[in-house]
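Undergrad: Protein chains in written order, with the numbering used here: chain A, 671 to 1255; chain B, 204 to 457.
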């Protein structure tokens, strides 16, 4: 069974039904290894040079990645690509992520740079451009953001007008990744002052100019510029997709981009963890390596558990997506139906973006803390990790925008009758008044599975109360929406970690079993605590008086978890990371 | 020309190794495996030879071991081998048994050139290739660092002790064990990884190949004892050199 988008809030699924990193095929592992070899042997030794900045080197490595086939994963075989599944694409993104700035260039090129053409391009456009893009001959970039249109992306000022056999394009695009070297731009503009539409624009078209490189805080080796269009003649055949449907392109491509960002930041987090742990093992204070100390071990344990949840949720999403996408009939409506499926999972895509990027934020922060004063010195890698991380909570939709679109996606599904939220919320409220006290059975991770069930009740009563209280005005209550979003995000994270551990527990070695049990305990406790805090906050925002009391008592009851042995679990987890010197899975 | 390359799958050398309860083998449960590095040189050289010869040449990769070994064979296929032979075997074997099993599997196939790694990274016997050549009754050259095919013969260079090199000229059939420095193995490209899925891997059961008795035995296995710590010399260059000489003399090393 595959869960449809947002169904995780109302359904239970068996561990055997989720895809996990332990399920990679031999081919997927080989593709990971090829990527890893390229990264470790060739790109990593040049990371400082890339950040100097040296954009030419980025272009050369993109071409090298192209030779290995790393830029052609998404397009179908008949379009000259490999038609690989999303899980493989994420696995590659994770490996490339170790390279910091290059990773951003790579993700922009293969994601938002390439996918609009793959998903929405006519045969003519594909014939014209696709090969150049997927071989790395041409860099690609995505031009949506403008000086005055960031989160409010639909209000672009860039204009296209119809002039005989072509369009005339005018406007300025802001913060364009790969802007300095890209040869092909997907540009969003208002056509005839009205229709939000995408166009494919070559750098060499007359009237296209590139602004100076932005002086950024981090990812300094990636190119970020303005792209300016002044009376640019765009052939009619370069209109991408349909007139007035540009937002479909933008949103769907960004949906994939959000999962990919999640995978990439998880990869980056593995690198940060490895580096920080190596330092902790080397640095001696009080005659001991600091990795011997509980204060350091707790950081390592908490960060590893969150990384485990983040990694689990990425491959759970792509596993579901891959099964659903594989069933799309290969007919003329292929990409139309394909993008519909991606759109159906927009809630999960937002979750991936927010949870994973905040996971990395915590990792670089604690990673730097482990370095102590040296973390503040540029000669040590923690400083670069700290600066490079920050962008991830800003681009591909800020984390605020992603938090707001998550409840919106869920409620829209409910209104369309695709999620039985209303009836389940009613039941959950009844449960608050007449609680039942079933004790969980003594099966594997029974307590934790009960926590997952309970947290879904918390979501239902909180979201239900919000809808009842604010009705149509809920869209304006952003603080409430963000609290509801957080509850959904933490549910997905703790459930994904649990399902993954449960799926592989029985086949694992004794040592691995202990590690999995520790991961489950720490992940469940930490995610549940964060969830309960968001839920309580939400309850205070929404209700007052008796209703508030009832809601809070429900959150308290459903938020219970007996985490006995938590300290030992953290120590087991930390020791496993320290022993292996890296993320232990 | 029929070419064979024999590869071994070994634990990733960055793993943390633990000895199994019995004390004669490595605990394999949580290890990651990869192709033996020396065998990657062998695969690369075999693929280059095949590419040079073009039409009519055929390259087979062979490996022995449990199910997981298929991954190593697939990597060789993705690098350019045409087909695979997997001798399914879960037992722990000594080099003579391994060479005998390979011999039984390939003796009737008339391979003219065989490449193997110089040794395995995990056990490092450096015997399997030579034993296989002996069983097949063909010539063998070890520690090859340069290889060139000319007509129906080969010009090769092998590495000797003390940085010396030896040039050799010989005719097929022959076996070559490949040493670091021979070549830079290619990364399998994504298209080739996917194409390799369609290449054939023949599975043979080790038991059906009549494995002989082992000629060597592992009696015990333990991590090396921790030795004294490294000593760091300090001071200016001349003083450090004097100190070093004194230390080496004291330990009777010079």
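Ideal Cβ placement from N, Cα and C applies to all residues, glycine included.
Given the structure is predicted, the values throughout are model-derived calculations rather than measurements.
Short check: CB of residue 947/A to CB of residue 970/A, under 8 Å?
TA: Against the first chain, residue 947/A aligns to sequence position 277. Against the first chain, residue 970/A aligns to sequence position 300. Contact check for residue 947/A against residue 970/A passes: the beta carbons are separated by less than 8 Å.
Undergrad: Hey, how far is the Cα of residue 331/B from the Cα of residue 1184/A?
TA: As a position in the second chain, residue 331/B is number 128, starting the count at 1. As a position in the first chain, residue 1184/A is number 514, starting the count at 1. Cα to Cα, residue 331/B sits roughly 39 Å from residue 1184/A.
Undergrad: What in chain B is Cβ-close to residue 769/A, meaning under 9 Å?
TA: Here residue 769/A is taken as the residue at index 99 of the first chain, counted from 1. The contacting residues do not exist; residue 769/A stays about 16 Å from chain B at best.
Undergrad: Residues in its own chain within less than 8 Å of residue 749/A by CB, not counting five upstream and five downstream?
TA: Working through the first chain from its first residue, we reach residue 749/A at position 79. Excluding sequence neighbours, residue 749/A sits near 788, 796, 800.
Undergrad: Does the distance from the C-beta atom of residue 751/A to that of residue 926/A stay below 8 Å?
TA: Indexing the first chain from 1 puts residue 751/A at position 81. Indexing the first chain from 1 puts residue 926/A at position 256. Contact: no.
Undergrad: With a threshold of 8 Å between beta carbons, is residue 293/B in contact with chain A?
TA: On the second chain, position 90 is the one that residue 293/B refers to. For residue 293/B, the answer is no, since every Cβ of chain A falls outside 8 Å of its Cβ.
Undergrad: Check residue 859/A in the structure and name its three-state DSSP category.
TA: On the first chain, position 189 is the one that residue 859/A refers to. Here residue 859/A sits in strand by DSSP.
Undergrad: Between the alpha carbons of residue 390/B and residue 243/B, how many angstroms are there, rounded?
TA: Looking up residue 390/B in the second chain gives position 187. Looking up residue 243/B in the second chain gives position 40. Between residue 390/B and residue 243/B, the C-alpha separation is close to 10 Å.
Undergrad: When the cut-off is 8 Å and only beta carbons count, does residue 246/B lie next to chain A?
TA: Start at 1 with the first residue of the second chain, and residue 246/B comes out as number 43. No, residue 246/B lies away from the interface with chain A (no Cβ there is under 8 Å from its Cβ).
Undergrad: To the nearest angstrom, report how far apart residue 215/B and residue 1100/A are at their CA atoms.
TA: If you number the second chain from 1, residue 215/B lands on position 12. If you number the first chain from 1, residue 1100/A lands on position 430. Take the alpha-carbon of residue 215/B and the one of residue 1100/A: they are about 56 Å apart.
Undergrad: Does any CB atom of chain A fall closer than 8 Å to the CB of residue 274/B?
TA: The residue labelled residue 274/B in the question sits at position 71 within the second chain. Answer yes: the Cβ-Cβ gap between residue 274/B and chain A drops below 8 Å somewhere.
Undergrad: Check the Cβ of residue 1179/A against every Cβ in chain B and list those closer than 9 Å, keeping chain order.
TA: Taking the first residue of the first chain as 1, we reach residue 1179/A at position 509. Ordered by position in chain B, the residues that pass the 9 Å Cβ test against residue 1179/A are 230, 232, 233.
Undergrad: Select from 1131/A, 1070/A, 1081/A, 1067/A the residue whose C-alpha is nearest the C-alpha of residue 1097/A.
TA: The residue you call residue 1097/A lines up with position 427 of the first chain. Cα-wise, what sits closest to residue 1097/A is 1131/A.
Undergrad: DSSP state of residue 1037/A, grouped into three classes?
TA: Position 367 of the first chain, counted from the first residue, corresponds to residue 1037/A. Residue 1037/A: helix per DSSP, three-state reduction.
Undergrad: Examine chain B for any beta-carbon lying closer than 8 Å to the beta-carbon of residue 952/A, and answer yes or no.
TA: Against the first chain, residue 952/A aligns to sequence position 282. For residue 952/A, the answer is no, since every Cβ of chain B falls outside 8 Å of its Cβ.
Undergrad: Write down the C-beta distance between residue 806/A and residue 732/A rounded to the nearest angstrom, noting that I regard them as a contact closer than 8 Å.
TA: For the purposes of this step, residue 806/A is taken as the residue at position 136 of the first chain. For the purposes of this step, residue 732/A is taken as the residue at position 62 of the first chain. Confirmed, about 5 Å.
Undergrad: What does the Cβ neighbour count give for residue 893/A, buried or exposed, with the cut at 16 atoms within 10 Å?
TA: By 1-based counting over the first chain, the position of residue 893/A is 223. By the 10 Å Cβ count, residue 893/A comes out buried.
Undergrad: So for residue 920/A, helix, strand or coil by DSSP?
TA: Looking up residue 920/A in the first chain gives position 250. Here residue 920/A sits in helix by DSSP.
Undergrad: According to DSSP, is residue 688/A helix, strand or coil?
TA: Along the first chain, one-based indexing puts residue 688/A at 18. Looking at residue 688/A - three-state DSSP - the assignment turns out to be coil, as it is neither helix nor strand.
Undergrad: What does the alpha-carbon distance come out to for the pair residue 912/A and residue 867/A?
TA: In the first chain, residue 912/A corresponds to position 242, counting from 1. In the first chain, residue 867/A corresponds to position 197, counting from 1. About 7 Å.
Undergrad: Determine whether the beta carbon atoms of residue 409/B and residue 325/B lie at a separation below 8 Å.
TA: Numbered from 1 along the second chain, position 206 holds the residue referred to as residue 409/B. Numbered from 1 along the second chain, position 122 holds the residue referred to as residue 325/B. Contact flag unset, no.
Undergrad: Residues in the stretch 738-751 of chain A with C-beta within 8 Å of chain B's C-beta atoms, listed in sequence order?
TA: Residues of the stretch 738-751 of chain A whose Cβ lies closer than 8 Å to any Cβ of chain B, in chain order: 738, 739, 740, 742, 743.
Undergrad: Hey, does residue 697/A have any beta-carbon neighbour from chain B nearer than 8 Å?
TA: Looking up residue 697/A in the first chain gives position 27. Residue 697/A counts as touching chain B.
Undergrad: With a threshold of 8 Å between beta-carbons, can residue 1182/A be considered close to chain B, or not?
TA: The residue labelled residue 1182/A in the question sits at position 512 within the first chain. Taking Cβ atoms only, chain B reaches closer than 8 Å to residue 1182/A, which makes this a yes.
Undergrad: Buried or exposed for residue 313/B, going by 16 or more other Cβ atoms inside 10 Å?
TA: Along the second chain, one-based indexing puts residue 313/B at 110. Result: exposed.
Undergrad: Could you tell me whether the Cβ of residue 299/B comes closer than 8 Å to any Cβ of chain A?
TA: Within the second chain, numbered from 1, the residue matching residue 299/B stands at position 96. Closer than 8 Å: no.
Undergrad: Classify residue 1047/A: buried if its beta carbon has 16 or more other beta carbons within 10 angstroms, exposed otherwise.
TA: Within the first chain, numbered from 1, the residue matching residue 1047/A stands at position 377. Under this definition residue 1047/A is an exposed residue.
Undergrad: Closer than 8 Å, Cβ to any Cβ of chain B: which residues of the stretch 676-700 of chain A, in chain order?
TA: 696, 697, 699, 700
Undergrad: Go through its chain and collect everything with a Cβ distance to residue 1169/A's Cβ below 6 Å, but skip five positions before and after it.
TA: Position 499 of the first chain, counted from the start, is the residue given in the question as residue 1169/A. When the five nearest sequence neighbours on each side are left out, the beta carbons in the same chain lying within less than 6 Å of the beta carbon of residue 1169/A are those of 685, 688, in order along the chain.
Undergrad: Comparing alpha-carbon positions, which option in 259/B, 435/B, 234/B, 443/B lies nearest residue 1179/A?
TA: By one-based count along the first chain, residue 1179/A stands at place 509. Of the candidates 259/B, 435/B, 234/B, 443/B, the one whose C-alpha sits nearest the C-alpha of residue 1179/A is 234/B.
Undergrad: On a Cα-Cα basis, can you pick out the residue from 254/B, 374/B, 345/B that is closest to residue 368/B?
TA: Locating residue 368/B in the second chain gives position 165, counting from the first residue. The option with the nearest alpha carbon to residue 368/B is 345/B.
Undergrad: With a cut-off of 8 Å, do at least 3 Cβ pairs link the stretch 1210-1221 of chain A to the stretch 1132-1152 of chain A?
TA: Remark: three or more beta-carbon pairs, one from each stretch, lie closer than 8 Å, so the stretch 1210-1221 of chain A and the stretch 1132-1152 of chain A are flagged as touching.
Undergrad: What are the residues of the stretch 378-390 of chain B that lie near chain A, defined by any Cβ-Cβ distance shorter than 8 Å?
TA: Listed in sequence order: 390.
Undergrad: Quick check on DSSP: helix, strand or coil for residue 454/B?
TA: The count along the second chain starts at 1 and reaches residue 454/B at position 251. For residue 454/B, the secondary structure class from DSSP, reduced to helix, strand or coil, is coil.
Undergrad: Whole angstroms is fine: what's the gap from residue 915/A's alpha carbon to residue 739/A's?
TA: The residue given as residue 915/A occupies position 245 in the first chain. The residue given as residue 739/A occupies position 69 in the first chain. In a straight line, the C-alpha of residue 915/A is about 31 Å away from that of residue 739/A.
Undergrad: For residue 1001/A, which of 720/A, 746/A, 729/A has the nearest alpha-carbon?
TA: The residue you call residue 1001/A lines up with position 331 of the first chain. When C-alpha distances from residue 1001/A are compared across 720/A, 746/A, 729/A, the shortest belongs to 746/A.
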